[in-house]
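One line per chain: the protein sequences are A and H, in this order.
For the first sequence, position 133 (counting from the first letter as 1) is numbered 133 according to full-length UniProt numbering, and the numbering increases by one without interruption.
For the second sequence, position 35 (counting from the first letter as 1) is numbered 35 according to full-length UniProt numbering, and the numbering increases by one without interruption.
Glycine is no exception: its CB is placed at the ideal position from the N, C-alpha and C atoms.
Protein chains: 2
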Amino acid sequence: MKERIIKSALNLFWRYGIKSVTMDDIAKDLGISKRTIYQHYSDKEAILALVIQEEIKTQKNEMEKLDEQASNPIEQMMYASVQMRDTLSNMNPTLLYDLKKYYPAAWELFQNYKHEYIIKSIHDNLIKGIELGLYRPDIDVDVLSMLRVEQIVMAFDPTIFPARKFNMMHTQMQFLLHFLRGVLSEKGFEYYNTIKDKSAIEINTHEK
Amino acid sequence: MKERIIKSALNLFWRYGIKSVTMDDIAKDLGISKRTIYQHYSDKEAILALVIQEEIKTQKNEMEKLDEQASNPIEQMMYASVQMRDTLSNMNPTLLYDLKKYYPAAWELFQNYKHEYIIKSIHDNLIKGIELGLYRPDIDVDVLSMLRVEQIVMAFDPTIFPARKFNMMHTQMQFLLHFLRGVLSEKGFEYYNTIKDKSAIEINTHEK
Numbered sequence: 001m002k003e004r005i006i007k008s009a010l011n012l013f014w015r016y017g018i019k020s021v022t023m024d025d026i027a028k029d030l031g032i033s034k035r036t037i038y039q040h041y042s043d044k045e046a047i048l049a050l051v052i053q054e055e056i057k058t059q060k061n062e063m064e065k066l067d068e069q070a071s072n073p074i075e076q077m078m079y080a081s082v083q084m085r086d087t088l089s090n091m092n093p094t095l096l097y098d099l100k101k102y103y104p105a106a107w108e109l110f111q112n113y114k115h116e117y118i119i120k121s122i123h124d125n126l127i128k129g130i131e132l133g134l135y136r137p138d139i140d141v142d143v144l145s146m147l148r149v150e151q152i153v154m155a156f157d158p159t160i161f162p163a164r165k166f167n168m169m170h171t172q173m174q175f176l177l178h179f180l181r182g183v184l185s186e187k188g189f190e191y192y193n194t195i196k197d198k199s200a201i202e203i204n205t206h207e208k
Numbered sequence: 001m002k003e004r005i006i007k008s009a010l011n012l013f014w015r016y017g018i019k020s021v022t023m024d025d026i027a028k029d030l031g032i033s034k035r036t037i038y039q040h041y042s043d044k045e046a047i048l049a050l051v052i053q054e055e056i057k058t059q060k061n062e063m064e065k066l067d068e069q070a071s072n073p074i075e076q077m078m079y080a081s082v083q084m085r086d087t088l089s090n091m092n093p094t095l096l097y098d099l100k101k102y103y104p105a106a107w108e109l110f111q112n113y114k115h116e117y118i119i120k121s122i123h124d125n126l127i128k129g130i131e132l133g134l135y136r137p138d139i140d141v142d143v144l145s146m147l148r149v150e151q152i153v154m155a156f157d158p159t160i161f162p163a164r165k166f167n168m169m170h171t172q173m174q175f176l177l178h179f180l181r182g183v184l185s186e187k188g189f190e191y192y193n194t195i196k197d198k199s200a201i202e203i204n205t206h207e208k
């Protein structure tokens, strides 16, 4: 039952954001009583914390799988963005914003994940790309890995990219391709040109 | 006297941020009494509003001068960043952050300037670059002009780029060069390669 509650909450948060989902909604979704939920969890925030931990675990696993499949840092970055697209395509854009604004403890979990895992993973990607001569040697990996992660977060910010004007996944893909091109060396470009047509189709599909 | 007060306040804000500068400091700086200041301005916020309007006017003038000197959008973007470096090099990094946090009315003035002028200016630059074949035709100019202006703001954010770890001007220059490379077409690259050595030296000097 505990796992079913987390799974249901994840689905509901994903679709409707966090603020608008109540304990009643989760109970209804599972066809159980609210009391049953309260036997396992004291409140929505307790469920939210577990949902986020669960989602972070899933994303880490998927990223590790992709890293094994990618034959070089350029492919790795493109694969990661395809994964991001799949993960985010049906996510309600208010979710991250709800987190930041109304659930500081859960937001902190996400921030830790961002700092300890995502930034490190981008950082490693940049270092490896420089070593292989695919990225420019004169990029500052600390500055640019921070830029990349903040771009991902920025695309979710409705005060900067309001949903009525910007499609979030399209923005993310513009950011990714722009970021990648910005770090490529000449050798990297030659390689990128051989794979971009295939990948661009893959990445651009459904985006706008 | 009114102009002298604005000029003194601008210098003090620039050097020490806004929060820590008092009416007493401004009076001392000018060797006048605080009462003289109050004859002209009701409080620090009134001075601040004028300081910002004045600074925006100066920056607009300088940008327009540069735009006339630049022979193409790539040069224009590089000139603008050299100007930014000169303007910001002795600015206290807390200034923008002080504004946002403690002076919402003045922050609003800056936000308007950002939206009505800076974003439009980047937008025009991108359109012109695409028309001349120097930038890729597949960039989304709305998305990327927003990205560029938010990057400039982001480099000031001490929660993302703490001053003990990052040099603000170095971060800005990494952002600029990365942004520019990210939008270049192949033709743009060929041109960029002919000017970058000169410009890179110019841009990188004193940066770290």
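Contact with chain H by residue i, beta-carbon distance below 9 angstroms
i: K165/A; result: yes
i: F189/A; result: yes
i: V183/A; result: yes
i: H206/A; result: Its pLDDT being 41, under 50, H206/A is placed unreliably in this model, and the coordinates cannot settle the point.
i: H123/A; result: no
i: I127/A; result: no
When the options are compared against residue i, the one with the closest alpha-carbon
i: Q111/A; options: I56/A, F179/A, K7/A and S20/A; result: I56/A
i: A125/A; options: L96/A, N72/A, N90/A and K101/A; result: The sequence as given places Asn at residue 125/A; Ala does not occur at that position. Closest by alpha carbon: N72/A.
i: T22/H; options: L66/H, E45/H, N61/H and M1/H; result: E45/H
i: L66/H; options: S89/H, K165/H, V82/H and V141/H; result: V82/H
i: A155/H; options: M77/A, Q53/A, L144/A and T159/A; result: L144/A
i: Q59/H; options: I127/H, K114/H and M169/H; result: K114/H
i: D29/A; options: I139/A, K7/A and A163/A; result: K7/A
i: Q174/A; options: D157/H, A163/H and I139/H; result: I139/H
i: Y38/A; options: D24/A, Q76/A and V51/A; result: D24/A
i: L95/H; options: Q172/H, S20/H, K2/H and I195/H; result: S20/H
i: K100/A; options: L48/A, N193/A and A27/A; result: L48/A
i: K196/H; options: I130/H, F166/H, T36/H and M77/H; result: M77/H
CB contact below 9 angstroms: residue i versus chain A
i: F110/H; result: no
i: R136/H; result: yes
i: residue 218/H; result: An answer regarding residue 218/H cannot be provided, because it is not within the stretch 1 to 208 covered by chain H.
i: L96/H; result: no
i: V82/H; result: no
i: T171/H; result: yes
i: I201/H; result: Low local confidence applies: a pLDDT of 48 at I201/H is under 50, so the model's placement there is unreliable, with the coordinate-based value given in what follows. Closer than 9 angstroms: no.
i: V51/H; result: no
i: L147/H; result: yes
i: M154/H; result: yes
i: L144/H; result: yes
i: E55/H; result: no
Assumed close pair residue i, residue j - CB separation to whole angstroms, cut-off 8 angstroms
i: W14/H; j: M91/H; result: 5 angstroms
i: I74/A; j: L180/A; result: 7 angstroms
i: D98/A; j: I160/A; result: In fact, because the Cβ distance is near 16 angstroms, the residues do not count as touching under 8 angstroms.
i: L12/H; j: I26/H; result: 6 angstroms
For the pair the stretch 112 to 127 of chain H and the stretch 139 to 151 of chain A, tell me if three or more CB-CB distances fall below 8 angstroms. no
Would you check if there are 3 or more beta carbon pairs closer than 8 angstroms linking the stretch 173 to 185 of chain H to the stretch 185 to 197 of chain A? no
For the stretch 111 to 149 of chain A, list the beta strand (DSSP E) runs that are entirely contained and at least 3 residues long, ordered along the chain. none
Would the stretch 134 to 147 of chain H count as touching the stretch 95 to 108 of chain H if we require 3 or more Cβ pairs under 8 angstroms? no
Every unbroken alpha helix (DSSP H) within the stretch 35 to 90 of chain H, with a cutoff of 4 residues, ordered by chain: 44 to 69 and 73 to 88
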